[in-house]
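All remarks here apply to the structure that follows.
Encoded structure:
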């Protein structure tokens, strides 16, 4: 039987070592691991993390691991509210700050003030019977912008808003009657229902809309 020494005699050990070093350098195992693609790097999508905090136990102070809810939990909730609102990305940009007040009619300025006041006093109004706001006027007066600014402010405070464009919304309801009850229930249960362009193109609702 061939001895180990004889078997190794036919190999160039220096070349083997050199090749091993080359493989070690180029091997993916030796490279820095790729960081996981977390939505939140602070908690690594665990919705919280442990933090050292002094706690009093039996009259003595101990440094213990305490579970802390991550800030991303509230951010994710707000994102879900926005997604459920049916407000488009373009409408989400409508704010009070970018509403043009330069050369507008005094009535538009009054509407702006009313919208701002509604947002400010919403917590006091929300549980009252008269808790709605309506902006009426000719097309292009900025009604949708102002009401979108209201909606976006409420959403940012964690208050659910559902956007319902009157004409397009009813057309969608009529197209899919199988989902009618579910969609109507969603509108009924909305914390704040934003109806845009109410009775647009008509002086009163159709019989189907009344039903």
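In UniProt numbering, the protein residues as written are 1 to 211.
All C-beta atoms, glycine included, are put in the ideal place defined by N, C-alpha and C.
State buried or exposed for residue i, treating a residue as buried only when at least 16 other CB atoms are found within 10 Å of its CB.
i           : result
residue 150 : buried
residue 87  : buried
residue 131 : exposed
residue 143 : buried
residue 30  : Low local confidence applies: a pLDDT of 49 at residue 30 is under 50, so the model's placement there is unreliable, and no value is given.
residue 164 : buried
residue 57  : exposed
residue 47  : exposed
residue 101 : exposed
residue 184 : exposed
So what's residue i in DSSP terms, helix, strand or just coil?
i           : result
residue 173 : helix
residue 47  : coil
residue 222 : What is shown of the chain runs 1 to 211, which leaves residue 222 out entirely.
residue 167 : helix
residue 124 : helix
residue 55  : strand
residue 208 : Unreliable positioning characterises residue 208 in this predicted model, as indicated by a pLDDT of 47, which lies under 50. A coordinate reading is not provided.
residue 30  : Unreliable placement is indicated for residue 30, whose pLDDT of 49 sits below 50; no coordinate value is reported for it.
Contact defined as beta carbons within less than 8 angstroms: I believe residue i pairs with residue j. What is the distance between those atoms, to the nearest angstrom?
i           : j           : result
residue 146 : residue 112 : 6 angstroms
residue 187 : residue 162 : 6 angstroms
residue 78  : residue 190 : Not quite, the Cβ-Cβ distance comes to about 16 angstroms (not below 8 angstroms), so this is no contact.
residue 72  : residue 44  : About 10 angstroms; that fails the 8 angstroms criterion.
residue 49  : residue 70  : 6 angstroms
residue 258 : residue 166 : The question about residue 258 has no answer here: the residues shown for the chain are numbered 1 through 211.
residue 108 : residue 159 : About 25 angstroms; that fails the 8 angstroms criterion.
Got a sec, what are the start and stop residues for the beta strand (DSSP E) residue i sits in?
i           : result
residue 60  : 60-69
residue 147 : Here residue 147 belongs to no beta strand (DSSP E); instead the alpha helix (DSSP H) covers 143-156.
residue 195 : 192-196
Could you check where the alpha helix (DSSP H) with residue i kicks off and where it finishes?
i           : result
residue 111 : 106-120
residue 182 : 180-188
Measuring from the CB of residue i, is there a heavy atom of the ligand FAD at a distance below 7 angstroms?
i          : result
residue 37 : This structure does not include the ligand FAD; it has no bound ligands of any sort.
Report yes or no: do three or more beta-carbon pairs, one from the segment 120-140 and one from the segment 58-76, lie closer than 8 angstroms? Counting Cβ pairs under 8 angstroms, fewer than three are found: no touch.
Could you tell me whether the segment 34-50 touches the segment 106-119, where touching means 3 or more Cβ pairs closer than 8 angstroms? Between the segment 34-50 and the segment 106-119, the count of Cβ pairs shorter than 8 angstroms is below three; the stretches do not touch.
Below 8 angstroms, how does it come out for the segment 145-159 and the segment 73-89: are there three or more Cβ pairs, yes or no? Result yes; three or more Cβ-Cβ pairs closer than 8 angstroms.
For the pair the segment 97-114 and the segment 167-179, tell me if three or more CB-CB distances fall below 8 angstroms. Judged by Cβ distances under 8 angstroms, the segment 97-114 makes no contact with the segment 167-179, as fewer than three pairs qualify.
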